[in-house]
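Okay, so here's the structure we're looking at.
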Amino acid sequence: MLNLAALLEDGARTTPDRDCLVFGDLRLNYALVDMIANQVANLLVARGIAPGDRVALASPNTPYFPFVYFGALKAGAVVVPLNVLLTSREIAYHLRDSGAKALFAFAGTPELPLGERAFAAFRETETCELYIDLPATPGATESTIEGAETLWAALDGRPGTFSTVRTEADDTAVIIYTSGTTGSPKGAQLSHMNLLFNAVASDALFERTEHDVYLTVLPLFHIFGQTTMLNCGLYRHATLVLQPRFDGDEALSLMEKEGVTVFAGVPTMYWGLLGATGEHDIAGIAKRLNVAVSGGSALPAELARQVKERFGVEILEGYGLSETSPVVSFNNPRVKAKPGSIGLPIWGVEMKLVDSEFNDVEGEGPGEIAVRGHCVMKGYHNRPDADELVFRDGWFRTGDIARRDEDGFFFIVDRSKDMIIRGGYNVYPRELEEVLMTHPDVSLAAVVGVRHETHGEEIKAYVIREEGSELTERQLVEWAKERLAGYKYPRLVEFRDELPMTATGKILKRELR
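The numbers in UniProt numbering rise by one with no breaks, and the one at position 285 of the sequence shown is 285.
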């Protein structure tokens, strides 16, 4: 037997009185979180949810997420986390595609009425039989959504003990849907072994304190936050400080108040920390913060330099995907780290470079990263056609282009789909973004290819200027021209006050295109 819920159960046994979750003024210890998860498991069994049934969960970073996540796992169900920004139509697609029989959805706020969208999707989805409202007000037993039942009303009188259902290592624990940049989103089936091994192997990379405090702002519905924050944190018996939506000033205030020791984020979150304007005890924050991790997208070297200069901590970059649980490689600080690298494969994982025909690429490359090991998904849910495209002899091809140095460290060049072909030359946007970020008047940059009559594609940079800067398009183009080959530098520059981002903080290049 292997069930991912053991992460929470072990903490409830060994550190029952330690704060597990901190949410605003609410502090919940391990014993209480486990008890509520047991009540959720009892609720699911009583309502006819059987082992293997899918349970959808749409919630930002609130205590509801771990309550339902581990409650469903205890009941032997499969958790289907949903992005809280999905429209009603998109939620309905995920419910139908996964065959979910239950949906737990956060009520939301007037600005973000998630519950209304989720309930509308539930009513038009024949496979889904149970809807539970996660109310914005803790403990509320009456729903603001007509016809919906709140979690607290449904849990009333449920036992706080539960015998976890027997699940095997290869049973599916979670179905994570990919972003769907190339067609409809696909559900990556991650097993209990995938997720548990990835959490344990990732945790082993760091020397931690006796009692770590994680600032959990990475969305838990995304696999990066789920593994590196929720699962790693509970494995470590850490305290998770939940921040539902990233804000640089609020994040620094929470770091200061709670004594945060571990922070993981995407590059734009570090950019947000640097841009925070409030008064904070930066020296005090830096003294306690001993682990800073970046993933999700490429980390510009200039951004990493600025963070180290201000907070005194070196950002360690890793690499992974939804399909790989997610961590594949990392810059292990106990071995050595190389700036700009995604490091070496973690324990139990292998990486190599392949060409478009899946043939091995020797030497430096570049080539597409292929992966095998305990982290790789079982396959896409009900998509054998998609599996055939990405699997070969146990290896999974990622779609990411990288090169490899003489020490075996991998360096991401770019996503294969982001590569720009200008006049027959391959141009990788990440290289250009790295250069643009070194300009003193550039705060953030994203490079994409746009259609061009003669060159096929032209290079365009979207740029956020530093506050007060009067940098012009022509000045930046000429500056880049001096530092990049003639076929590489951007001919087009558009200045913006902000760039479109996903809920996880990744820049949405498809919108820029």
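The C-beta atom is built at its ideal place from N, Cα and C for all residues, glycine as well.
Could you tell me whether the Cβ atoms of PRO63 and LEU4 are closer together than 7 angstroms? In the sequence shown, the residue the question calls residue 63 occupies position 63. In the sequence shown, the residue the question calls residue 4 occupies position 4. For the pair PRO63 and LEU4, the CB atoms are not nearer than the 7 angstroms cut-off.
Cβ pair ALA169, GLU323 closer than 7 angstroms: Against the sequence shown, residue 169 aligns to sequence position 169. Against the sequence shown, residue 323 aligns to sequence position 323. Their beta carbons are not under 7 angstroms apart, which means ALA169 does not touch GLU323 by this criterion.
Buried or exposed: which applies to THR182, given that a residue is buried once 16 or more other Cβ atoms fall within 10 Å of its Cβ? Here residue 182 is taken as the residue at index 182 of the sequence shown, counted from 1. Because THR182 carries a pLDDT of 48, less than 50, the predicted location of this residue cannot be relied on, and no value is offered for it.
How would you label VAL450, buried or exposed, when you count the other beta carbons within 10 angstroms and need 16 or more for buried? Here the question's residue 450 lines up with position 450 in the sequence shown. Looking at its Cβ environment, which holds fewer than 16 other Cβ atoms inside 10 Å, VAL450 is exposed.
What is the rounded straight-line gap between the Cα of VAL327 and the Cα of CYS128? Position 327 of the sequence shown holds residue 327. Position 128 of the sequence shown holds residue 128. Straight-line spacing of the CA atoms in VAL327 and CYS128 works out to 32 angstroms.
Candidates ALA75, VAL68, PRO60: which alpha carbon is nearest GLY48's? The sequence position of residue 48 within the sequence shown is 48, counting from 1. The alpha carbon of GLY48 has as its nearest neighbour, out of ALA75, VAL68, PRO60, the alpha carbon of ALA75.
Please list the terminal residues of the continuous alpha helix (DSSP H) segment that includes TRP152. Sequence index remark: in the sequence shown, residue 152 carries index 152 (1-based). Where TRP152 is concerned, the enclosing alpha helix (DSSP H) stretches over 151-155.
Proximal residues to VAL307 (C-beta, below 6 angstroms), its chain only, five neighbours per side dropped: Translated into positions along the sequence shown, residue 307 becomes position 307. Excluding residues up to 5 positions away in sequence, TYR270, ILE315 lie with their Cβ nearer than 6 angstroms to the Cβ of VAL307 in the same chain.
Just list the alpha helix (DSSP H) runs in the stretch 435-479, keeping only unbroken ones of 4 residues or longer that don't cross its boundaries, in chain order. As summarised for the stretch 435-479, there are no continuous alpha helix (DSSP H) elements at least 4 residues long confined to that stretch.
Hey, quick one: how far does the beta strand (DSSP E) through LEU316 stretch, first residue to last? Within the sequence shown, residue 316 is the residue found at index 316, counting from 1. Note, LEU316: beta strand (DSSP E), 315-320.
Three or more C-beta pairs below 8 angstroms linking the stretch 248-259 and the stretch 291-302: Short answer: they don't touch.
Since ALA118 contacts LEU103 with CB under 8 angstroms, what's their CB separation in whole angstroms? If you number the sequence shown from 1, residue 118 lands on position 118. If you number the sequence shown from 1, residue 103 lands on position 103. About 6 angstroms; that satisfies the 8 angstroms criterion.
Go through its chain and collect everything with a Cβ distance to LEU82's Cβ below 7 angstroms, but skip five positions before and after it. The residue you call residue 82 lines up with position 82 of the sequence shown. Closer than 7 angstroms at Cβ, skipping near neighbours: ALA56, LEU57, ALA58, ILE91, HIS94, PHE221.
What is the residue span of the beta strand (DSSP E) that PRO81 lies within? Here residue 81 refers to the residue found at position 81 of the sequence shown. Where PRO81 is concerned, the enclosing beta strand (DSSP E) starts and stops at 78-81.
For HIS192, I'd like the list of residues in its chain whose CB is within less than 7 angstroms of its CB, leaving aside the five on either flank, ordered along the chain. Numbered from its first residue, the sequence shown carries residue 192 at position 192. The residues LEU2, ASN3, LEU4, THR167, ALA169, ASP171, ALA173, in chain order, have a CB closer than 7 angstroms to that of HIS192 in the same chain once the five nearest residues on each side in sequence are set aside.
Counting only the same chain and skipping the five closest in sequence on each side, list residues whose C-beta sits under 7 angstroms from that of ASP414. One-based indexing of the sequence shown puts residue 414 at position 414. Cβ within range, chain order: ILE401, TYR428, PRO429, ARG430.
For the ligand ATP, any of its heavy atoms closer than 6 angstroms to the Cβ of ASN231? In the structure on display, the ligand ATP does not appear, and there are no ligands present to speak of.
Between VAL68 and GLY52, which are expected to be in contact by the criterion C-beta below 8 angstroms, what is the C-beta distance as a whole number of angstroms? Indexing the sequence shown from 1 puts residue 68 at position 68. Indexing the sequence shown from 1 puts residue 52 at position 52. Contact between VAL68 and GLY52 is absent: CB atoms are separated by about 17 angstroms, not below the 8 angstroms threshold.
With a 10 Å radius around its C-beta and 16 neighbouring C-beta atoms as the bar for buried, classify GLN475 as buried or exposed. Position 475 of the sequence shown holds residue 475. The residue in question, GLN475, is exposed, as its Cβ has fewer than 16 Cβ neighbours within 10 Å.
Where the alpha helix (DSSP H) through ALA251 begins and ends: Here residue 251 corresponds to residue number 251 of the sequence shown, with the count starting at 1. Membership of ALA251 in the alpha helix (DSSP H) is indicated by the continuous run 248-258.
Suppose only complete runs of 4+ residues qualify. What are the alpha helix (DSSP H) ranges in the stretch 20-60, listed by chain order? Runs of the alpha helix (DSSP H) inside the stretch 20-60: 30-46.
Comparing alpha-carbon positions, which option in LEU230, LEU321, SER143 lies nearest GLY399? Here residue 399 refers to the residue found at position 399 when the sequence shown is read from its first residue. Ranking the options by Cα distance to GLY399, first place goes to LEU321.
Pairwise C-alpha distance: ASN231 and LEU196: Within the sequence shown, the letter at position 196 stands for residue 196. Within the sequence shown, the letter at position 231 stands for residue 231. Taking the straight line joining both Cα atoms gives about 8 angstroms.
Which same chain residues, not among the five before or five after ALA503, have their C-beta less than 6 angstroms away from its C-beta? What you label residue 503 is simply residue 503 of the sequence shown in a count that begins at 1. So the qualifying residues of the chain are ASN83, LEU85, PRO219.
TRP395 bridges to which residues according to DSSP? Along the sequence shown, read from residue 1 onward, the residue named residue 395 stands at position 395. Under DSSP, TRP395 shares a beta bridge with ARG392.
Coarse secondary structure for GLU207, derived from DSSP in three states: Mapped onto the sequence shown, residue 207 falls at position 207. Coil at GLU207, not helix or strand.
So, does the stretch 258-265 touch the stretch 203-218, judging by three or more C-beta pairs under 8 angstroms? Look at the beta carbons and you see the stretch 258-265 touching the stretch 203-218: at least three pairs across the two are nearer than 8 angstroms.
In terms of residue numbering, what span does the alpha helix (DSSP H) encompassing residue 515 cover? Residue 515 cannot be examined here, being either before or after the span of the chain that is shown, 1 to 513.
Among THR268, HIS211, PHE224, the one whose alpha carbon lies nearest that of GLY259: Numbered from 1 along the sequence shown, position 259 holds the residue referred to as residue 259. Nearest to GLY259 by C-alpha distance, out of THR268, HIS211, PHE224, is HIS211.
Is the separation between the beta-carbon of SER356 and that of ASN194 shorter than 7 angstroms? Taking the sequence shown and counting its residues from 1, one reaches residue 356 at position 356. Taking the sequence shown and counting its residues from 1, one reaches residue 194 at position 194. Result no, Cβ atoms of SER356 and ASN194 do not sit closer than 7 angstroms.
In whole angstroms, what is the alpha-carbon distance linking TYR380 and ARG483? Walking along the sequence shown from the start, residue 380 turns up at place 380. Walking along the sequence shown from the start, residue 483 turns up at place 483. Note on geometry: alpha-carbon atoms of TYR380 and ARG483 lie some 43 angstroms from one another.
6 angstroms CB neighbourhood of PRO135 in its chain, flanking five on each side removed: Locating residue 135 in the sequence shown gives position 135, counting from the first residue. The answer, listed in chain order, is ALA107, THR150.
List the endpoints of the continuous beta strand (DSSP E) containing GLN189. Here residue 189 refers to the residue found at position 189 of the sequence shown. First-last of the beta strand (DSSP E) with GLN189: 187-191.
By the DSSP assignment, the alpha helix (DSSP H) with ILE91 in it spans what residues? By one-based count along the sequence shown, residue 91 stands at place 91. 88-98 is the span of the alpha helix (DSSP H), which, as asked, contains ILE91.
Span of the alpha helix (DSSP H) around GLU9: Locating residue 9 in the sequence shown gives position 9, counting from the first residue. 6-14 is the span of the alpha helix (DSSP H), which, as asked, contains GLU9.
Grouping DSSP H, G and I as helix and E and B as strand, with all else coil, what is ILE285? Stepping through the sequence shown from its first residue, residue 285 is reached at position 285. Residue state, collapsed to three classes: helix.
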